[in-house]
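Participant: Below you'll find the structure I mean.
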Amino acid sequence: MEVQIRAYQTGDLPEMIRIWNEVVEEGNAFPQEEMLTAETGERFFAGQTYCAVAVCVERGSIHGLYILHPNNVGRCGHLCNASYAVCRESRGLHIGEKLVIDCLAQGKAHGFEILQFNAVVASNTHARHLYERLGFTGLGTIPGGFRMKDGRYEDICPYYHVL
15 MEVQIRAYQT
25 GDLPEMIRIW
35 NEVVEEGNAF
45 PQEEMLTAET
55 GERFFAGQTY
65 CAVAVCVERG
75 SIHGLYILHP
85 NNVGRCGHLC
95 NASYAVCRES
105 RGLHIGEKLV
115 IDCLAQGKAH
125 GFEILQFNAV
135 VASNTHARHL
145 YERLGFTGLG
155 TIPGGFRMKD
165 GRYEDICPYY
175 HVL
């Protein structure tokens, strides 16, 4: 499947919300617990610095997305943060890699100097290996920093990449 990464459009919102909510519902990667609705999803995505979708060139279907936004304000405003979501049926097709690579370029294009991930769940080995392969630096482990859907706590691993 050939995938193109492009800026999201309003017509993409229903699929973006569906994919985002899949990851929230799984409860093992995103800190959010509330599902997006059409209304809250539109505001959420519009409030980001940049959002992109992974679109199948042949079918025009959306298979993933990312959000990019400041990680902090003021003296730390040059750091950005991002979250990635790939629909369940498209995982393992390297869509996440394409999203991260595009996000690195967009972070720089939007004036950020560092992309920082605050809370990569330790058991999310596919994401961690991808980030490390793409040159992210791990900053150690925060014990019990993420509450899983089943209520147990798991370690998180912050990462950063100089843009």
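Its first residue numbered 15, the sequence shown is counted upward by one per residue in our numbering. Backbone N, C-alpha and C fix where the C-beta goes; we use that ideal spot for every residue, glycine too.
Along the beta strand (DSSP E) that carries Y64, what are the first and last residues, could you check?
Facilitator: The residue you call residue 64 lines up with position 50 of the sequence shown. First-last of the beta strand (DSSP E) with Y64: Y64 to C70.
Participant: Taking 8 Å as the threshold (C-beta atoms), are I109 and H77 in contact?
Facilitator: For the purposes of this step, residue 77 is identified with residue 63 of the sequence shown, where counting begins at 1. For the purposes of this step, residue 109 is identified with residue 95 of the sequence shown, where counting begins at 1. Yes, the Cβ-Cβ distance between H77 and I109 is below 8 Å.
Participant: Are the stretch 92-108 and the stretch 122-130 touching by the rule of at least three beta carbon pairs closer than 8 Å?
Facilitator: Result yes; three or more Cβ-Cβ pairs closer than 8 Å.
Participant: Report the option in S75, R161 and L27 whose CA atom is closest to the CA atom of F58.
Facilitator: The count along the sequence shown starts at 1 and reaches residue 58 at position 44. That would be L27, whose Cα lies nearest to the Cα of F58.
Participant: For L177, does the count of other Cβ atoms within 10 angstroms reach 16, so buried, or fall short, so exposed?
Facilitator: Within the sequence shown, residue 177 is the residue found at index 163, counting from 1. The residue in question, L177, is buried, as its Cβ has 16 or more Cβ neighbours within 10 Å.
Participant: Give the DSSP-derived three-state secondary structure of Y145 in the structure shown.
Facilitator: Taking the first residue of the sequence shown as position 1, residue 145 is located at position 131. Helix.
Participant: Tell me the DSSP secondary structure of H83 in three-state form.
Facilitator: Here residue 83 refers to the residue found at position 69 when the sequence shown is read from its first residue. If DSSP states are grouped into helix, strand and coil, H83 belongs with the strands.
Participant: Given that a residue counts as buried once 16 or more other Cβ atoms are within 10 Å of its Cβ, and exposed if not, what is A66?
Facilitator: Against the sequence shown, residue 66 aligns to sequence position 52. A66 should be labelled buried.
Participant: What residue from V100, F160 and T63 has the CA that sits closest to A133's CA?
Facilitator: For this step, residue 133 is matched to residue 119 along the sequence shown. Selected option, being the one with the closest Cα: F160.
Participant: Could you check the C-alpha separation between N85 and P45 for me, to the nearest Å?
Facilitator: In the sequence shown, residue 85 corresponds to position 71, counting from 1. In the sequence shown, residue 45 corresponds to position 31, counting from 1. Their Cα atoms are separated by approximately 15 Å.
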